[in-house]
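Visitor:
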Ligand SMILES: [Zn+2]
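Residue numbers (the numbering used here): 76 to 562.
(1) Taking its Cβ as the centre, do 16 or more other Cβ atoms sit within 10 Å of residue 352, making it buried, or is it exposed?
(2) Please classify residue 227: does DSSP put it in a helix, a strand, or coil?
(3) Around the Cβ of residue 139, are there at least 16 other Cβ atoms within 10 angstroms (buried) or fewer (exposed)?
(4) Would you mind listing the alpha helix (DSSP H) stretches within the region 233 to 313 that are 4+ residues and don't spill past its ends, in chain order?
(5) Output the distance between the C-alpha atoms of residue 204 and residue 330, rounded to the nearest integer angstrom.
(6) Short of 7 Å in beta carbon distance, which residues of its chain neighbour residue 532, apart from the five on each side in sequence? Order them along the chain.
(7) Can you give, in chain order, each stretch of the alpha helix (DSSP H) that sits fully within the region 137 to 174 and has at least 4 residues?
(8) The beta strand (DSSP E) spanning residue 465 covers which residue range?
(9) Can you give me the Cβ contacts of residue 290 inside the same chain, cut-off strictly under 8 Å, excluding the 5 residues immediately before and after it?
(10) Suppose the cutoff is 6 Å on Cβ atoms and the five residues either side in sequence are ignored; what does the same chain contact list for residue 363 look like?
(11) Measuring from the CB of residue 240, is there a heavy atom of ligand 1 at a distance below 8 Å?
(12) Exposed or buried, what is residue 537 when buried is set at 16 or more other beta-carbons lying within 10 Å of its beta-carbon?
(13) Heavy atom of ligand 1 less than 8 Å from the Cβ of residue 592, yes or no?
(14) Leaving out five residues before and five after residue 554 in sequence, what residues of the same chain have Cβ atoms less than 7 Å from its Cβ?
(15) Taking three-plus beta-carbon pairs below 8 Å as touching, is the region 275 to 282 in contact with the region 219 to 227?
(16) Helix, strand or coil, according to DSSP, for residue 380 in the structure here?
(17) Who pairs with residue 455 in a beta bridge, going by DSSP?
(18) Looking only at its chain, what residues have a beta carbon closer than 7 Å to the beta carbon of residue 556, apart from the 5 residues adjacent to it on each side?
(19) Cβ atoms of residue 201 and residue 244: under 9 Å apart, would you say?
(20) So for residue 106, helix, strand or coil by DSSP?
(21) What does a CB cutoff of less than 7 Å around residue 96 pick up in its chain, not counting 5 residues either side in sequence?
(22) Using DSSP with H/G/I as helix, E/B as strand and the rest coil, what is residue 402?
(23) For residue 378, count the other beta carbons within 10 Å of its own beta carbon; 16 or more makes it buried, fewer makes it exposed. Which is it?
(24) Let me know if residue 466 comes out buried or exposed under the rule of 16 or more other beta-carbons within 10 Å of its beta-carbon.
(25) Taking the straight line between their C-alpha atoms, what separation do you get for residue 256 and residue 141?
(26) Using DSSP with H/G/I as helix, E/B as strand and the rest coil, what is residue 538?
(27) Tell whether a beta-carbon distance below 9 Å holds between residue 145 and residue 114.
(28) Could you tell me the distance, in whole angstroms, from the CA atom of residue 402 to the CA atom of residue 104?
(29) Would you call the CB atoms of residue 558 and residue 483 closer than 9 Å?
(30) Can you give the beta carbon distance from residue 207 to residue 154, rounded, assuming they're within the 8 Å contact cut?
(31) Secondary structure at residue 430, three-state DSSP: helix, strand or coil?
(32) Assuming the contact rule is C-beta atoms closer than 8 Å, residue 472 and residue 498 should be a hit. Round their C-beta distance to whole Å, please.
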């Protein structure tokens, strides 16, 4: 919550030009944080932009600033016309009747100005993902980059709003602008009619945006599915694109360094290496596996050439890794005593196999940690089939220090429902269940429920537990992992 933005927007009916310009700057700052952008932003609200150009006076690019000696997002947005519209529509009389419906219509213009800014900031996000990031945090970025490298000006003018970058920015801008209106004004409760009108505009805009796989482009070869056509022209032009781009950008997920496209086997191998390299001690381990699976599944399903080959299932294979035994190395003598308290032995056995009959990939991991408090056994099973994915993990320890047997179980199904159960001496102590868009936490004593807390799907408290109004991300999985003495 930005205090300054809140204060200005509370008076959304009576703003002056300077205040609107300030709103734009503050929203940009909030967007920069929300979209996790790294580069600084240089905003230019100049009025004499050449509006005959594409984008009608609004454009966003990463450029090098000689003055400041740095790369930055140059956001040029001429919103003078929209500001004029706002000034015309706001109530003439400052002592307007609060029940006057027309008085609130000016929030519409404000919504429009904010959506222009969120649109441009989404382009800044796209530019960062394709131009400076090497990790693939959003699989759509592959399409954005290919579009930028291979599409001709002709194709753009034929399809304008149907280009992937434009579709993504349009899908983002209205919903996000609505969020600002909801967060910083009271219009939702004070004037339902005007508020509902904005909501229906957002819904209408979202309705006209097709899923990526269904977008069609007018091409020199006739009307084609945009994803297929882009893949085709990009592969044809790959040889004209500098090799460094294949090496240093997110393209390396899909292409080899010699500018040839990776085949299905290579992609699945890459996926396996990424998953194997994950740190099992990371509290978001299960989440990361899911993200990698989704990433590669999307890359594969968006390429018809890979799809045809995928129909033939791979032969049943069993890969068994030799058990690895890691004993803590103690390099610095002064740390020895401290380390003794920590992990003594860690063993990990992994088994990966493809079940031919069910078409499922199954990964089993058995881990053993020995600590002063006892031996911890953790059995994990991860089952994936295309985009469906489930995770199940059980931990046992006979705690020498407390003399009690502890057991914890964590599972997540392919609909992202989650369950966590913690038992001591076979008696349930805590249960956390996430389903039907809510999270319920139950604490037990002697087998009976003694407390129940409730949160919504996003972790916001309905019935809060000890003043915790917002649960941290991956709360349920982390609750399970905290019990395991990884370090
Ligand atoms: Zn745009």
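Quick reminder that beta carbons are idealized off the backbone N, C-alpha and C, glycines included.
Guide: Put simply:
(1) Reading the chain shown from its first residue, position 277 is the one you call residue 352. The residue in question, residue 352, is exposed, as its Cβ has fewer than 16 Cβ neighbours within 10 Å.
(2) Along the chain shown, one-based indexing puts residue 227 at 152. Coil, per DSSP.
(3) Along the chain shown, read from residue 1 onward, the residue named residue 139 stands at position 64. Residue 139 should be labelled exposed.
(4) 239 to 259, 262 to 265, 267 to 282 and 301 to 312
(5) Sequence index remark: in the chain shown, residue 204 carries index 129 (1-based). Sequence index remark: in the chain shown, residue 330 carries index 255 (1-based). Spanning the two alpha carbons is a distance of roughly 17 Å.
(6) In the chain shown, counting from the first residue as 1, residue 532 sits at position 457. If we look at residue 532 and ignore the five residues flanking it on each side, its Cβ neighbours are 512 and 513.
(7) 155 to 164
(8) Residue numbering aside, residue 465 sits at position 390 when the chain shown is read from its first letter. From DSSP, the beta strand (DSSP E) with residue 465 extends over 463 to 474.
(9) The residue labelled residue 290 in the question sits at position 215 within the chain shown. Within the same chain, residue 290 has close Cβ partners 237, 239, 242, 300, 301 and 302.
(10) Taking the first residue of the chain shown as position 1, residue 363 is located at position 288. Contacts found: 353.
(11) Here residue 240 corresponds to residue number 165 of the chain shown, with the count starting at 1. Answer for residue 240: yes, Cβ within range of ligand 1.
(12) For the purposes of this step, residue 537 is taken as the residue at position 462 of the chain shown. Flag for residue 537 reads exposed.
(13) Given that the chain is displayed from residue 76 to residue 562, the structure contains no residue 592 and the question cannot be resolved.
(14) Stepping through the chain shown from its first residue, residue 554 is reached at position 479. Excluding residues within five positions, the ones whose Cβ falls inside 7 Å are 495 and 507.
(15) no
(16) Stepping through the chain shown from its first residue, residue 380 is reached at position 305. Residue state, collapsed to three classes: helix.
(17) In the chain shown, the residue the question calls residue 455 occupies position 380. Paired residue(s): 440 and 468.
(18) Within the chain shown, the letter at position 481 stands for residue 556. If we look at residue 556 and ignore the five residues flanking it on each side, its Cβ neighbours are 358.
(19) Stepping through the chain shown from its first residue, residue 244 is reached at position 169. Stepping through the chain shown from its first residue, residue 201 is reached at position 126. Closer than 9 Å, so yes.
(20) One-based indexing of the chain shown puts residue 106 at position 31. It is helical.
(21) The residue labelled residue 96 in the question sits at position 21 within the chain shown. Excluding residues within five positions, the ones whose Cβ falls inside 7 Å are 120.
(22) To locate residue 402, count along the chain shown from 1; it is residue 327. Here residue 402 scores only 44 on pLDDT, less than 50, and its place in the model should not be relied on; the value that follows carries that caveat. Residue state, collapsed to three classes: strand.
(23) Along the chain shown, read from residue 1 onward, the residue named residue 378 stands at position 303. The residue in question, residue 378, is buried, as its Cβ has 16 or more Cβ neighbours within 10 Å.
(24) The residue you call residue 466 lines up with position 391 of the chain shown. Under this definition residue 466 is a buried residue.
(25) Here residue 256 refers to the residue found at position 181 when the chain shown is read from its first residue. Here residue 141 refers to the residue found at position 66 when the chain shown is read from its first residue. Distance between the alpha carbons of residue 256 and residue 141: 37 Å.
(26) In the chain shown, the residue the question calls residue 538 occupies position 463. Residue 538: strand per DSSP, three-state reduction.
(27) Taking the chain shown and counting its residues from 1, one reaches residue 145 at position 70. Taking the chain shown and counting its residues from 1, one reaches residue 114 at position 39. Taking 9 Å as the Cβ cut-off, residue 145 and residue 114 qualify as a contacting pair.
(28) Residue numbering aside, residue 402 sits at position 327 when the chain shown is read from its first letter. Residue numbering aside, residue 104 sits at position 29 when the chain shown is read from its first letter. With a pLDDT of 44 at residue 402, under the threshold of 50, the modelled position of that residue is not reliable, and no figure is offered here.
(29) What you label residue 558 is simply residue 483 of the chain shown in a count that begins at 1. What you label residue 483 is simply residue 408 of the chain shown in a count that begins at 1. The criterion of a C-beta distance shorter than 9 Å is satisfied by residue 558 and residue 483.
(30) As a first step, residue 207 must be located in the chain shown, where it is residue number 132. As a first step, residue 154 must be located in the chain shown, where it is residue number 79. Their Cβ separation, rounded to whole angstroms, is 27 Å, which puts residue 207 and residue 154 out of contact at 8 Å.
(31) Sequence index remark: in the chain shown, residue 430 carries index 355 (1-based). Residue state, collapsed to three classes: strand.
(32) As a first step, residue 472 is located in the chain shown; it is residue number 397 there, counting from the start. As a first step, residue 498 is located in the chain shown; it is residue number 423 there, counting from the start. That pair is no contact at about 11 Å.
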